[in-house]
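Top to bottom, those sequences are chains A and B. FYI, in the working numbering the residues of the first sequence are 1 to 84. FYI, in the working numbering the residues of the second sequence are 1 to 403. Heads up, the beta-carbon is just placed ideally off N, CA and C, and yes, glycines get one too.
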Amino acid sequence: MGATMSDRAETFARVAELIAPFNKKGATLGEDTTFAGDLEWDSLTVMDFVAAIEDEFDILITMNMQAEIDTVGQLVDAVETLKA
Amino acid sequence: MSGDPKDLFSKFDPLIAERQALLDSGVRDPFSIVMDEVRSPTLALIQGRETILLGTYNYMGMTFDPDVVAAGKKALDDFGAGTTGSRVLNGTYQGHKEVEAALRDFYGTAHAIVFSTGYQANLGMISTLAAKGEYVIIDADSHASIYDGCFLGDAEIVRFRHNSVEDLDKRLGRLPPEPGKLVVLEGVYSMLGDIAPLKEMVAVAKKHHAMVLVDEAHGMGFFGKHGRGVFEEAGVEADVDFVVGTFSKSVGTVGGFCVSNHPSFEVLRLVCRPYVFTASLPPSVVATAATSIRKLMHAAPKRAHLWKNSRRLHQGLRELGYQLGTADAQSAIIAVILPDQDRAVRLWQALLEGGLYVNLARPPATPAGMYLLRCSLCAEHSDDQVGQILAIFEAAGKAVGVI
Numbered sequence: 001m002g003a004t005m006s007d008r009a010e011t012f013a014r015v016a017e018l019i020a021p022f023n024k025k026g027a028t029l030g031e032d033t034t035f036a037g038d039l040e041w042d043s044l045t046v047m048d049f050v051a052a053i054e055d056e057f058d059i060l061i062t063m064n065m066q067a068e069i070d071t072v073g074q075l076v077d078a079v080e081t082l083k084a
Numbered sequence: 001m002s003g004d005p006k007d008l009f010s011k012f013d014p015l016i017a018e019r020q021a022l023l024d025s026g027v028r029d030p031f032s033i034v035m036d037e038v039r040s041p042t043l044a045l046i047q048g049r050e051t052i053l054l055g056t057y058n059y060m061g062m063t064f065d066p067d068v069v070a071a072g073k074k075a076l077d078d079f080g081a082g083t084t085g086s087r088v089l090n091g092t093y094q095g096h097k098e099v100e101a102a103l104r105d106f107y108g109t110a111h112a113i114v115f116s117t118g119y120q121a122n123l124g125m126i127s128t129l130a131a132k133g134e135y136v137i138i139d140a141d142s143h144a145s146i147y148d149g150c151f152l153g154d155a156e157i158v159r160f161r162h163n164s165v166e167d168l169d170k171r172l173g174r175l176p177p178e179p180g181k182l183v184v185l186e187g188v189y190s191m192l193g194d195i196a197p198l199k200e201m202v203a204v205a206k207k208h209h210a211m212v213l214v215d216e217a218h219g220m221g222f223f224g225k226h227g228r229g230v231f232e233e234a235g236v237e238a239d240v241d242f243v244v245g246t247f248s249k250s251v252g253t254v255g256g257f258c259v260s261n262h263p264s265f266e267v268l269r270l271v272c273r274p275y276v277f278t279a280s281l282p283p284s285v286v287a288t289a290a291t292s293i294r295k296l297m298h299a300a301p302k303r304a305h306l307w308k309n310s311r312r313l314h315q316g317l318r319e320l321g322y323q324l325g326t327a328d329a330q331s332a333i334i335a336v337i338l339p340d341q342d343r344a345v346r347l348w349q350a351l352l353e354g355g356l357y358v359n360l361a362r363p364p365a366t367p368a369g370m371y372l373l374r375c376s377l378c379a380e381h382s383d384d385q386v387g388q389i390l391a392i393f394e395a396a397g398k399a400v401g402v403i
């Protein structure tokens, strides 16, 4: 029972909203936008942002999982999997 | 294949350039200080100038205690310069057993294991206790040795917001109930000198059936009735499963340890890699540590003087107009917060030229990207010295224009 496209689009939109306050550079957000490269986030920003995502979706993204997530699209996929 | 190899150092070029730019501005390198002579726990000769030491973590001033020094000399004579071996092979001498006995007596626990550094104690305990599929839950502001202990192990790592009981509770609540869980806390967080709300945090950890490890590196010696640490003062001794500590702060030498009442604790000597695969501490070091730990059991007047120093420095710096890491003196660390690297380094240098050494701390070691001048007090700082320290801070702060 995979998530429908509209579920995923909704998650993407919500993730984008949560990125906004941390998007100091005003980078355009797409599936391939990277946190370290395009958004230039340091580890402290990542910590604050991940905590916000976890609380929003009532999930846990372990540091082990975070290490595998480079792009916004990968994060949205991870959120979809974790809340399933 | 031909041609030059890809230079693995090129990734450090930005840091090298940043450091060079800082040095080119005419300041001294804050990370290359040499103590040419050390005259006491609170005084050293740096570039020909007698300097008050206010950044050593030598909280209880045990480094020059005559009994401690004598014990080290005797062990050096009787047992030689080093063990040249692992604790599990030829590296356990009578002195290693004696320092573990001193720790058991100091903490009132059934077990104590000594590592070669405090860093290795955290590496060993965290990486060994939590295995693949289990969880380690850590504070976001944890010391590098806690993070590295996580990276050395195979467990899943979860972080919570610094000192937030609610955040810890929420994250533990989201974990599956079956796997083992280790919550790692620190009594004192060494960057800002703030203490953890251990009573509430340990209660939350127990509610979720997690084991608890508390690192008391910066709390041993002067918190709680027996000087065991913040966890003793918080009254949670019965619920803390493991206490990690170091000999390189209040004890006054080098080494790390963990104490516990867990009935299976001794198995760590066989399975804990940072314990097994390294040489044990030299005989002189374990002899000084054992003597110092036993003296720290009866150090109430020193503890009282340390707290007096800490409160006086905190109040004095606040009155001078400095922004500090905590609202009151919570520990023996007082952190002065500076707005940027330039002013932090210039104030650091002005203090040094005035005859005062403090630690400069910068990201990524600091939380929230802060630049700090970190002061750590010693029970051997005299009232006169604390007065001099405040006078130096006043003159330097005004000269640099930060107060």
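- Item | Within 9 Å, strictly: CB atoms of B:Ser376 and B:Ile333 | B:Ile333 is positioned such that its CB atom lies closer than 9 Å to that of B:Ser376.
- So is B:Val286 buried or exposed if we call it buried at 16+ other beta carbons inside 10 Å? Buried.
- So, are the CB atoms of B:Ala121 and B:Val244 less than 9 Å apart? In this structure, B:Val244 lies closer than 9 Å to B:Ala121 by Cβ.
- Item | Local conformation of B:Arg49 per DSSP, three classes | B:Arg49: strand per DSSP, three-state reduction.
- With DSSP collapsed to three states, give me the class of B:Cys150. Three-state DSSP puts B:Cys150 in a helix.
- Closest by CA to A:Glu85, which one among A:Leu44, A:Leu75, A:Asp70, A:Phe35? Outside the displayed span of chain A (1 to 84) sits residue 85 of chain A, for which this structure offers no information.
- Message: So with CB distances below 9 Å, who are the chain B contacts of A:Ile59?
- Response: Close to A:Ile59, with beta-carbon spacing below 9 Å, are these residues of chain B in chain order: Arg174.
- Measure the C-alpha to C-alpha separation of A:Asp70 and B:Val212 and round it to an integer number of angstroms. Computed Cα separation, rounded: 32 Å.
- Using the DSSP secondary-structure output, state which residues sit across from B:Asn359 in a beta bridge. For B:Asn359, the beta-bridge partners assigned by DSSP are B:Arg374.
- With 8 Å as the limit, tell me which residues of the segment 362–374 of chain B have their beta carbon closer than that to any beta carbon of chain A; keep them in chain order. The segment 362–374 of chain B vs chain A, Cβ under 8 Å: Pro363, Pro364, Pro367, Ala368, Gly369.
- Min CB distance A:Leu39 to chain B below 9 Å: False, the Cβ-Cβ gap to chain B never drops below 9 Å.
- Of all the alpha helix (DSSP H) runs that stay within the bounds of the segment 223–289 of chain B, which reach a length of 4 or more residues? For the segment 223–289 of chain B, whole alpha helix (DSSP H) runs of length 4 or above, ordered along the chain, are 230–233, 268–271, 273–276.
- Item | Three-state secondary structure assigned by DSSP to B:His298 | Looking at B:His298 - three-state DSSP - the assignment turns out to be coil, as it is neither helix nor strand.
- Quick one: which chain A residues come within Cβ less than 7 Å of B:Arg159? Result: Met47, Met63.
- Task: Any chance you could list the beta strand (DSSP E) runs of at least 3 consecutive residues sitting entirely within the segment 24–96 of chain B, in chain order?
- Result: Runs of the beta strand (DSSP E) lying entirely within the segment 24–96 of chain B and spanning at least 3 residues, in chain order: 37–40, 43–46, 49–53.
- Item | Uninterrupted beta strand (DSSP E) stretches inside the segment 124–178 of chain B (no shorter than 3 residues) | 135–139, 156–160, all fully within the segment 124–178 of chain B.
- Residue-chain proximity (A:Ala78, chain B), Cβ-Cβ < 9 Å: Judged by the 9 Å Cβ criterion, A:Ala78 is not in contact with chain B.
- Which one or two residues does DSSP pair with B:Ile403 in a beta bridge? Residue pairing for B:Ile403: DSSP places it in no beta bridge.
- Message: Run through chain B and tell me which residues come within less than 9 Å of A:Leu18, C-beta to C-beta.
- Response: Contacts between A:Leu18 and chain B, judged by CB atoms closer than 9 Å, are missing: the closest CB pair is about 16 Å apart.
- Query: Under three-state DSSP, which class holds B:Ala368?
  - Reply: Helix, per DSSP.
- Task: For A:Leu75, return the contacting residues in chain B, with the cut-off set at a CB-CB distance below 8 Å.
- Result: Within 8 Å Cβ-Cβ: nothing; A:Leu75 doesn't reach chain B, min ~16 Å.
- Query: Counting contacts by CB-CB distance shorter than 9 Å, is B:Asp340 in contact with chain A?
  - Reply: B:Asp340 does not count as touching chain A.
- Mind checking whether B:Ile146 and B:Val259 have CB atoms under 9 Å apart? B:Val259 sits away from B:Ile146, with the two beta carbons spaced by 9 Å or more.
- chain B within 9 Å of A:Glu85, Cβ atoms only: Any property of residue 85 of chain A remains undetermined from this structure, which presents chain A solely from 1 to 84.
- Query: Quick one: what does DSSP say A:Asp70 is sitting in, helix, strand or coil?
  - Reply: In this structure, A:Asp70 counts as coil in the three-state DSSP scheme.
- Name the chain A residues that come within less than 9 Å of B:Glu156, Cβ to Cβ? Near B:Glu156 (Cβ distances below 9 Å), the residues of chain A are Leu60, Thr62, Met63, Asn64, Met65.
- Task: Give, in chain order, every residue of the segment 131–142 of chain B whose Cβ lies closer than 7 Å to some Cβ of chain A.
- Result: Within the segment 131–142 of chain B, the residues whose Cβ lies closer than 7 Å to some Cβ of chain A are Ala140, listed in chain order.
- What is the rounded straight-line gap between the Cα of A:Met1 and the Cα of A:Leu18? Unreliable placement is indicated for A:Met1, whose pLDDT of 47 sits below 50; no coordinate value is reported for it.
- Message: So if DSSP puts B:Phe115 in a beta bridge, which residue, or which two residues, is it bridged to?
- Response: Secondary-structure assignment with DSSP links B:Phe115 through a beta bridge to B:Gly256.
- Query: Between B:Asp7 and B:Gln349, what straight-line distance do the alpha-carbon atoms span, to the nearest angstrom?
  - Reply: C-alpha separation (whole angstroms): 34 Å.
- Query: Whose C-alpha, out of A:Ala84, A:Leu29, A:Gly30, A:Asp32, is nearest the C-alpha of A:Ile59?
  - Reply: Checking every option, the nearest Cα to that of A:Ile59 belongs to A:Ala84.
- Query: In chain A, which residues lie with their C-beta within 8 Å of the C-beta of B:Arg171?
  - Reply: From the beta-carbon of B:Arg171, the residues of chain A found nearer than 8 Å are Glu54, Leu60.
- Cutoff 6 Å; reference B:His314; Cβ partners in own chain excluding five residues on either side: Once the five neighbours on either side are set aside, the close Cβ partners of B:His314 are Ala329, Ile334.
- Task: Mark B:Lys132 as exposed unless 16 or more other C-beta atoms lie within 10 angstroms of its C-beta, in which case mark it buried.
- Result: With fewer than 16 other Cβ atoms inside 10 Å of its own Cβ, B:Lys132 counts as exposed.
- Item | Beta-carbon separation (whole angstroms), B:Val68 vs B:Thr288, contact threshold 8 Å | Indeed, because the Cβ distance is near 5 Å, the residues count as touching under 8 Å.
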